[in-house]
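Those protein sequences? They're chains A and B, same order as listed. Residue 142 in UniProt numbering is what sits at position 142 of the first sequence, and the numbering runs on without skipping anything. Residue 118 in UniProt numbering is what sits at position 118 of the second sequence, and the numbering runs on without skipping anything.
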Amino acid sequence: MDQHSSTLMQGRPAFSSPMLKAAVLALLFILLLSAPAMLNAGLLFWVGMTMIQAVFALSWNLLFGFTGLASFGHAGFYAIGAYFTGAALRYDFPLPFLGILALAGIFGALVALAIGVVALKRLTGIFLAVLTVALTEAMAKIIGFSPALGEQDGLGNIPRPIVGFGVFNLDLTHSNDYYRFLLVAVALMVAALWWVVHSRIGRSFRAVREDAERARFIGINVTRVRVLSFMISGGTAALAGALSAPWTRIVTLDQVNWLASTQPILNSLLGGFTSFWGPVVGAAVYTAINYWTRTFAGLSEMLVGGILVLVILIAPTGIVGLLGKLTRRIRKNGDRT
Amino acid sequence: MSNGPLLQAKDLRVSYGNFEVIKGVSLAVQPGEALAIIGPNGAGKTTMFKALTGEIDCRAGQVMFCGADVTAKPAHLRTAAGMGRTFQVSRVFLDLTAIDNVIVALESRDRNRGQRKGPWWRAAPAAALISEADRLLAHLHLGHLRDEVAATISHGDKKRLELALTLALEPKILMLDEPTAGMAPADRMQISEMIRSIRRDHGVSVVMTEHDMDVIFSIADSVVVMNYGEIIAAGTVDEVRNSQIVRDVYLGKDMYHAAG
């Protein structure tokens, strides 16, 4: 990454040197890879869920932070992936696991396309926000009345898959093995999203976010750019859901309500929606808060709520934005002395 | 399309609700010509502008560009076909740096031409694009603001940056909605000199609305005068300057209010 593209990063992240950033990411990957050896099964489950939530939050923030559109029903997309994968594994669809994942992502993107074409014809974001909420509510109703999807009880006993690669099979039935698969999948998805945000497509997203009218008058098809962003976002959210089903081994209606939809919003705002890595940081911090307060019922909600109020009041650009501001100030002071 | 006007409006009508703002305006811009649309405030100049560029729909009439009927075409397609436009209050991408503003415009131009410089998997803009953007910034005397975020630069610089965005598209026609509005006199002269040099170097046509007569007289070949949504006079700069009807419309107003 050269000097130029780093200026395109919004909010200038705390660690601005690309080398340092790559080193931190590599270290994080190695740590996460060795997590099964260091953590017990319970903690490992939290770590896996955090990674899934991080991708989910990144998918939401691609829309909000980088295209300027809000979805208040993103859980609908997550649930599409989770329920489709859950059902496919549970009822033994004659499909390879990677094919199931790909289909889940494609379903998410197609539903986003349908909603996007309807909502964004009007060209205002509020229609999109409302329709996504409607999608989530409708899905909850449909699932609630579908015996094959477990109705109110959820779809349980989802088996973990064995991935066939032709010459060899990758047995993911043990949670440690599925965890490693999950880590690689998440890393690939984060890399893909990073590429989208920093590529020519991402720059057109940002132009539309900044000033749709101006973007139109440099020849950008604003509707198409918005629908494309929504499709990538919806597809990624569905993939996050798809990866979650074999990890939790149960999918329930709890993943298809408005509370589930606020999770990626919360993570993005907490970590910082102006930065690519903000939602990832937010997801990690949120998990940490939840974990340390898990024995006190209600405390985590109060803490998260309180922290969110603080973030909005003191650091509207979230933790990453705050860190960036601090490092800039320290550097400035260093220059002065 | 080599012969005939580059841009033409035929009996254009625009209404806001029941209120007709443009009442059957026809005009034509020849390749290389510079046309100024003048008139008092509320005459419909900006509305006319929006109808020509596709920002708003017209109720009746036709807009022809490069020999094709673009009346039903959305703004981004007219832009892709070679219509470059600036706004009365300059609009740039405020959160991006000056260079990134221009790069976004260059990339949009290339996308619309089906071109791509550099391999598809490369995220950062191609080196050729960056140097092209740097040349454009230097050309518009914005080189020193290259890495400044657009929100922080001055009003006059924003106007020039917007011009850079528009020039990046290599337009056939420049549509300038009050290019010197709100500028200091020295800046006005600099902008009109710049527009003249762009016309000289690239042979682009210009359609502009403007209040400053000095700017108009230094750039435009011909002028149409609008009042209450109609054209009340049209001709060369000198003809319009000496027309009695135009003087009547502007009665009590100093047409040279920004002189000096």
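Glycine included, each C-beta is placed from N, C-alpha and C at the ideal position.
Taking a C-beta cut-off of 9 Å against chain B, the contacting residues of the stretch 201-212 of chain A are G202, R203, S204, R206, A207, R209, E210 and D211, listed in chain order. Close CB contacts of F19(B) within its chain, under the 8 Å cut and outside five residues either way in sequence, are absent. Per the coordinates, the alpha-carbon of A23(A) lies some 53 Å from the alpha-carbon of V206(B). Chain B has no Cβ within less than 9 Å of the Cβ of G278(A). Sorting T46(B), Y16(B), L12(B) and P31(B) by C-alpha distance to the C-alpha of K23(B) places L12(B) at the top. Taking G84(B) as reference, the option from I130(B), T97(B), P171(B) and A72(B) with the minimal CA-CA separation is P171(B). Taking a Cβ-Cβ cut-off of 7 Å, N18(B) has no neighbours in chain A, whose nearest Cβ is about 23 Å from it.
At the C-beta level, K73(B) and G42(B) stay beyond 9 Å of one another.
Under the Cβ criterion of 9 Å, I103(B) is counted among the residues facing chain A. D171(A) counts as exposed, since fewer than 16 other beta carbons sit within 10 angstroms of its beta carbon.
Around the beta carbon of L27(B), a 10 Å sphere encloses 16 or more other beta carbons of the protein chains shown; the residue is thus reported as buried.
Between the alpha carbons of G48(A) and N40(A) lies a gap of roughly 12 Å. Relative to A138(A), the option among G76(A), I218(A), R224(A) and A88(A) whose CA is nearest is G76(A).
Not a single C-beta of chain B is nearer than 9 Å to the C-beta of R90(A).
Between the stretch 67-76 of chain A and the stretch 130-146 of chain A there are three or more inter-stretch CB-CB distances shorter than 8 Å, so the stretches are counted as touching. Taking the Cβ atoms as the reference, G235(A) lies roughly 17 Å from A119(A), outside the contact range of under 8 Å. Pairing D187(B) with G241(A), the inter-Cα distance amounts to about 56 Å.
Taking 9 Å as the cut-off between beta carbons, the residues of the stretch 179-203 of chain A near chain B are W194, W195, V196, V197, H198, S199, R200, G202 and R203, in sequence order. In the structure shown, the three-state DSSP call for V167(A) is coil. Straight through space, the alpha carbons of Y83(A) and G271(A) are spaced by roughly 28 Å. Secondary structure of I38(B) (DSSP, three-state): strand. DSSP places Y178(A) in the helix class (H, G or I) of the three-state scheme. At least one CB of chain A lies nearer than 9 Å to the CB of V92(B).
Here P125(B) is buried, its C-beta having at least 16 other C-beta atoms within 10 Å. When C-beta atoms of the stretch 32-42 of chain B are compared with those of the stretch 193-206 of chain B, three or more pairs fall below 8 Å, so the two segments count as touching. Taking a C-beta cut-off of 9 Å against chain A, the contacting residues of the stretch 53-66 of chain B are T53, G54 and E55, listed in chain order. When C-beta atoms of the stretch 18-37 of chain A are compared with those of the stretch 253-272 of chain A, fewer than three pairs fall below 8 Å, so the two segments do not count as touching. For R13(B), the enclosing beta strand (DSSP E) begins and ends at L7 to Y16. The beta carbon of A185(A) sits closer than 7 Å to those of L243, all from its chain and outside the five residues before and after it, given in chain order. The C-beta of K45(B) has 16 or more other C-beta atoms within 10 Å across all chains shown, which makes the residue buried.
In the displayed model, T209(B) falls within a strand according to three-state DSSP. Inside the stretch 34-81 of chain A, DSSP marks whole alpha helix (DSSP H) runs of 4 or more residues at positions 35-38 and 41-67, from first to last along the chain. Per DSSP, G229(B) lies in no beta strand (DSSP E) segment and is marked neither H nor E. Rounded to whole angstroms, the separation of the alpha carbons of A127(B) and A283(A) is 36 Å. Per DSSP, S26(B) is one residue of the beta strand (DSSP E) stretching across F19 to V29. Using a Cβ-Cβ cut-off of 9 Å, A80(B) counts as an interface residue toward chain A, since at least one Cβ of chain A sits closer than that to its own.
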